[in-house]
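Enquirer: The structure that follows is given in the form of structure tokens.
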Ligand code: SF4
Ligand code: MG
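Numbering (full-length UniProt numbering), first residue to last: 34 to 373.
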């Protein structure tokens, strides 16, 4: 049976004055209802771009999309803008790092949720207001009926984030995409927002995609993980496997660079170097300039040959894109001992 969201060989490119940006280069994954997929990577890995494409939020004039995105059995690549608008906010909705991008400063919170509901439901304002009160209550806003009349600036950052989540949920979306929704918040509020999304997902049974660079967040919320680098998936599998025994050197680097759970403020071993410009992706494995293991692969293949995404289990529930033939052993004997 087809998953609720099925992305197949997705490619996203946009021409710029400096050349063609290949932001996503052949991405395939699926998410079932009731599951949470974390898409992990640094900025410029294609993690946000691929999500924007699913929501139809890319600029249609300058962006080229190919491949397939099937949502509830319907192909959405190639839909017209007006058709996509019907999908957005009802079947699928998105929450962002910055609530400012979804909440208009000149309208009350209540007004905005009411309008988001009425855009997809033929109901009176009174009915829609009751819906807004109910949702604001569910996302943990005290005195929701009174707070309905507040403007966004009268809410704290964490409260604005909750209001945006309420607005994203108002039409019972089957797919919720959360793009770094906790990054700008302090740790306590972050934890509350993660709990909230997990609770809401349980209640609504939606598929959730969580876009993040933070493996701590992944451990908290994800069932499955897709690690992206330079526009491609480099590792895929259950959160349990990826956090426990990752197979790709980039995933090892991410694991080593998270601050210890004891709360040390600085990453212990940040990955050296920076992700490549998508205008100029290195030949071979795009990670090779930063990879301390490239000399382990004979024949200099890391510099010349793009690795395939290789299934690592018989049922293909786990895959990685690397030329190393014994990543398991290297992880166990060399990486694990140096983790905090
Ligand atoms: Fe490192 Fe080579 Fe694997 Fe790329 S293919 S991650 S350079 S070992
Ligand atoms: Mg981003």
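Just so you know, even glycine gets a beta-carbon here, dropped at the ideal spot from N, CA and C.
It should be emphasised that the depicted structure is a prediction, and the values quoted were computed from it without experimental measurement.
Please go through the region 83-136 and give each complete beta strand (DSSP E) segment of 3 or more residues, from N-terminal end onward.
Expert: Listed in chain order, the complete beta strand (DSSP E) runs (minimum 3 residues) inside the region 83-136 are 97-104 and 125-128.
Enquirer: Out of 200, 129, 136 and 44, which one is the CA nearest neighbour of residue 166?
Expert: On the chain shown, position 133 is the one that residue 166 refers to. Distance from the Cα of residue 166 is smallest, within the candidate group 200, 129, 136 and 44, for 200.
Enquirer: With which residues is residue 44 paired in a DSSP beta bridge?
Expert: For the purposes of this step, residue 44 is taken as residue 11 along the chain shown, with counting starting at 1. Answer is 58 and 99, bridged to residue 44.
Enquirer: If you drop the 5 nearest sequence neighbours on each side, which residues of the same chain put their C-beta closer than 6 Å to that of residue 275?
Expert: Residue 275 sits at position 242 when you count from the first residue of the chain shown. So the list reads 258, once near-sequence residues are dropped.
Enquirer: Where do the ends of the beta strand (DSSP E) carrying residue 212 lie?
Expert: Numbered from its first residue, the chain shown carries residue 212 at position 179. Start and end: 208-212.
Enquirer: Compute the minimum distance between the beta carbon of residue 269 and the heavy atoms of the ligand SF4, and state whether it is under 8 Å.
Expert: For the purposes of this step, residue 269 is taken as the residue at position 236 of the chain shown. Not under cutoff, so the answer is no.
Enquirer: The ligand SF4 heavy atoms versus the CB of residue 73: any closer than 8 Å?
Expert: Along the chain shown, read from residue 1 onward, the residue named residue 73 stands at position 40. Result no, Cβ not under 8 Å from the ligand SF4.
Enquirer: Pick helix, strand or coil for residue 174, following the three-state DSSP scheme.
Expert: For the purposes of this step, residue 174 is taken as the residue at position 141 of the chain shown. In this structure, residue 174 counts as coil in the three-state DSSP scheme.
Enquirer: List, from N- to C-terminal side, the alpha helix (DSSP H) runs of 4 residues or more that fit wholly inside the region 311-340.
Expert: Along the region 311-340, the alpha helix (DSSP H) occurs as fully enclosed runs of 4 or more residues at 334-337, listed in sequence order.
Enquirer: What separation, rounded to the nearest whole angstrom, lies between the Cα atoms of residue 376 and residue 143?
Expert: Shown here, the chain extends from 34 to 373; a query on residue 376 therefore has no answer.
Enquirer: According to DSSP, is residue 143 part of a helix, a strand, or is it coil?
Expert: By one-based count along the chain shown, residue 143 stands at place 110. Of the three classes helix, strand and coil, the one that applies to residue 143 here is helix, per DSSP.
Enquirer: In whole angstroms, give me the CA-to-CA distance for residue 113 and residue 198.
Expert: For the purposes of this step, residue 113 is identified with residue 80 of the chain shown, where counting begins at 1. For the purposes of this step, residue 198 is identified with residue 165 of the chain shown, where counting begins at 1. Near 26 Å, if we compare the C-alpha coordinates of residue 198 and residue 113.
Enquirer: Closer than 7 Å by C-beta to residue 147: which residues in its own chain qualify, once you throw out the five before and the five after it? Chain order, please.
Expert: To locate residue 147, count along the chain shown from 1; it is residue 114. Taken in chain order, the residues that qualify are 158, 161, 162 and 165.
Enquirer: So the beta strand (DSSP E) residue 69 belongs to, where does it begin and stop?
Expert: The residue you call residue 69 lines up with position 36 of the chain shown. Start and end: 69-73.
Enquirer: Taking the CB atoms as reference points, tell me whether residue 317 and residue 329 lie closer together than 9 Å.
Expert: Counted from its first residue, the chain shown places residue 317 at position 284. Counted from its first residue, the chain shown places residue 329 at position 296. No. Outside cutoff.
Enquirer: What residue range does the alpha helix (DSSP H) around residue 253 cover?
Expert: The residue labelled residue 253 in the question sits at position 220 within the chain shown. From DSSP, the alpha helix (DSSP H) with residue 253 extends over 248-254.
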